[in-house]
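Report on the following structure.
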Amino acid sequence: MAKLYVYPKRGEPFTLPLEGEKITFGRGADNTLPLPDPFCSSHHAVLTIDQGRFRIRDLGSKNGVFVNGKRIQGEVEIRSGDEILIGQTRLSVDRKLMSNVEVSDGPDPSTSFNTFMKLNDILVKPESRTTTRAAVPVGDLEKIQLEHRLFSVMTEVSKALLLHRPLNELLEHIMELISQNLPMDRGALLLREGSPEQLIPKVVRINDKSLIGQKMQLSRSIVNMAFEKELAVLSRDALSDPRFRARDSIITAHIKSAVCVPLWNNEKVIGIVYADRTSLADQFNEEDLKLLTLLANLAAVKIENARLVEKALENERMERELALASQIQRDLLPKGSPCLEGYEICGLNLQCFEVGGDYYDFLTIDEGRLGVIIADVSGKGVGAALLMASLRASLQSEISADYDPAAMTSRLSEFVHRSSASNCFITFVFCEINLQTGEVRYVNAGHNPPAVLRPKGDIERLGPTGMCLGMFPASTYEVGTLRLAKGDILLLFTDGLTESRNKAGQEMGEQKIFDFLKRNAKRPAPELLKDIKAQFQDFNAGVKPFDDTTLVLIKRTS
């Protein structure tokens with residue numbers, strides 16, 4: 007049976023068998039795995055288990071769920087060894103993480119280390135000498151030899167880092183290169199990740215086998231000097247350093263010297279590299295500190311580049327998937343307008359993103375009745391589109407010759423309530439039109455009231471007959487009625503039309519549309535819809551749309 011490895015911020019790591027259908031995480035005691043973590047929500051995330059496959063979903067938490075350092079959106083698949091971060095708690099499915107590194111509180115930070123250097127003092131190139139014939143002093147010769155060594159190492163490391171590698175593989179490669187060029191007994195590379203941000207051990211390298219199995223404790227003081235103050239820190243003979251003297255782990259491991267440098271990508275510090283030695287005769291020196299700082303700077307730039315490449319690849323993949331999703335959603339909308347004697351019917355959908363939460367449809371109930379639907383999911387994007395697709399499928403299965411509009415809407419509301427988060431709902435209008443008599447039976451679940459414009463200028467609204475779908479369990483609805491006569495125009499729309507704003511911040515509103523329809527009531531419905539679209543786009547010219555917009559026009563001609 008697979009296991010879940012759990013690494014809390016405080017306390018010892020433990021495992022949990024992955025059994026059942028799901029495991030929930032959060033501060034609430036009713037979770038499968040309660041996490042006493044101040045940065046967790048009450049119900050933070052859920053891990054679903056299906057025939058050996060695992061998927062994790064963020065339940066709308068404040069601080070999010072991170073998988074391998076990236077905040078997830080919705081639900082993602084988890085593979086063996088993936089690192090999950092929930093608040094300050096790290097988890098992994100079926101494989102242990104690097105858990106032998108811990109940042110802990112150290113002694114009084116007012117005590118100074120043996121050596122610390124500002125990044126600029128190391129990374130800025132020294133001024134070149136102009137003299138060529140003068141004898142070189144011994145001190146300068148040693149300095150030139152040191153600079154030549156640093157240059158040679160940096161050249162070799164630069165060549166080794168030329169090829170692009172996946173981020174996890176790159177981090178391993180960086181630590182291998184550091185280990186080859188720095189005489190260390192063990193070291194660790196930590197990156198800043200999560201919400202709240204924290205230093206997460208990514209790679210641990212242990213060259214001295216006698217240190218395997220020992221926990222590597224990094225003093226918070228040394229970490230803060232490297233990360234917060236952007237200093238390269240060196241402590242020779244750590245046992246004699248007052249800052250380390252109180253650390254039992256260092257005394258046990260006989261650490262004689264340690265270095266800690268920031269991973270600075272020329273813009274900000276993204277993590278740290280730490281290394282230590284146990285040999286009193288061969289401690290780290292300032293040259294080692296400079297070398298590690300230069301290597302860390304080169305590594306940080308490469309890490310940032312790898313992140314940007316992975317982000318670009320991820321964006322490209324998302325764009326392809328969104329384009330496919332957009333096409334699928336367009337296929338779910340009507341392919342054309344119903345061609346019915348005595349009626350002109352047409353619809354329009356404008357999405358503000360690739361996919362959206364607006365929906366309209368025309369459903370044939372029987373030879374004499376047509377169902378017209380318009381709906382709007384709270385929210386936008388992929389989540390809203392998925393919920394709308396589910397609603398469409400449920401609605402199609404409900405329609406039959408002897409259906410009841412009120413009971414059907416109640417069942418749809420119950421479905422949405424079960425299938426979505428507590429803050430998600432759908433406004434919905436269903437109109438059943440008797441094509442012979444013009445009688446309309448309708449249900450309005452919290453949607454903008456559709457309007458019937460009569461030839462004499464009167465306007466009749468199809469007001470709400472119940473709450474939005476999914477807002478409350480066991481919701482009930484009433485059925486309203488009206489009749490369409492010759493020349494009447496029925497307009498259904500979502501709030502993306504009326505609540506849009508132009509550059510001046512003015513709202514489009516309903517009245518402009520109603521006045522236009524009154525003035526042009528004798529024109530064909532497709533022409534009216536085309537002109538309303540043009541007016542809408544002119545009104546919003548130069549303003550990025552903030553919501554999806556959907557319209558349906560029904561005109562009775564005879």
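When you read off a place in the sequence shown, starting at 1, and then add 6, the result is the number in this note's numbering.
We put the CB at the ideal spot given by N, CA and C, even for glycine.
Restricting attention to Asn311, Asn174, Lys550, the CA atom closest to the CA of Ser506 is found in Lys550. The beta carbons of Cys430 and Gly502 sit no closer together than 8 angstroms. Remark: fewer than three beta-carbon pairs, one from each stretch, lie closer than 8 angstroms, so the region 213 to 231 and the region 93 to 101 are not flagged as touching.
Per the C-alpha coordinates, the member of Val109, Asn321, Ile380, Thr161 positioned closest to Thr555 is Ile380. Residue range 222 to 225 is occupied by the beta strand (DSSP E) that includes Gln223. Gln541: member of the alpha helix (DSSP H) spanning 531 to 545, first to last residue. Residues of the same chain with a CB within less than 6 angstroms of the CB of Gly66, apart from the 5 flanking positions on each side, are Ala427 in chain order.
Counting along the chain, no beta strand (DSSP E) covers Lys524; the unbroken alpha helix (DSSP H) around it starts and ends at 517 to 525.
Shown here, Ile405 sits in coil according to DSSP, grouped into three states, outside any helix or strand. Taking C-beta separations shorter than 7 angstroms and ignoring five residues to either side along the sequence, the partners of Val279 in its chain run Ile184, Gly193, Leu195, Val267, Leu269, Leu298, Ala302, following chain order.
Apart from sequence neighbours up to five positions away, the residues of its chain that approach Val163 with a beta-carbon distance below 8 angstroms are Leu183, Asn187, Leu301, Leu304, ordered along the chain. As DSSP reads the structure, Gln204 sits in a beta bridge with Glu199.
Beta-bridge analysis with DSSP links Asp382 to Asp364, Thr433. In the structure shown, Ile371 adopts extended strand secondary structure according to DSSP, grouped into three states. About 18 angstroms separates the CB atoms of Cys46 and Ile84; that is not less than 8 angstroms, and the two are not in contact. Cβ contact annotation for Asn440 (same chain, cutoff 7 angstroms, sequence separation greater than five): Gly374, Arg375, in chain order. Unbroken beta strand (DSSP E) stretches of 3 residues or longer found wholly inside the region 443 to 471: 445 to 451, 457 to 459, 465 to 467, given in chain order. Contact check for Ala412 and Glu484: beta-carbon distance about 6 angstroms, within the 8 angstroms limit, so the pair qualifies.
Annotated three-state conformation of Met394 is helix, per DSSP.
Checking the DSSP bridge columns, you'll see Met123 partnered with Ala238. The residues Leu328, Ser332, in chain order, have a CB closer than 6 angstroms to that of Glu360 in the same chain once the five nearest residues on each side in sequence are set aside.
Looking from the CA of Gln57, the closest CA among Asp36, Arg460, Lys28 belongs to Lys28. C-alpha of Lys492 to C-alpha of Leu346: approximately 14 angstroms in a straight line.
For Leu497, the enclosing beta strand (DSSP E) has its first and last residue at 495 to 499.
Beyond the five residues adjoining it in sequence on each side, Ile228 comes within less than 6 angstroms, by CB distance, of Val239, Cys266 in the same chain, given in chain order. Linking Leu496 to Asn450 through their CA atoms gives a straight-line distance of about 14 angstroms. Within the same chain, Glu236, Leu237, Ala238, Pro268, Trp270, Thr299, Asn303 come within 8 angstroms of Leu125 by CB-CB distance, once the 5 residues on both sides are set aside. Here Gly193 carries a strand assignment [DSSP, helix/strand/coil].
Closest option to Asn526, judged by alpha-carbon separation, among Glu466, Val71, Arg460: Arg460. In the DSSP assignment, no residue is bridged to Asn508. Here Tyr13 is not near Leu129, since their CB atoms are 8 angstroms or more apart. Taking a C-beta distance under 8 angstroms as the contact criterion, Phe31 and Ala8 do not qualify as a contact pair. Under DSSP, Arg77 shares a beta bridge with Phe72.
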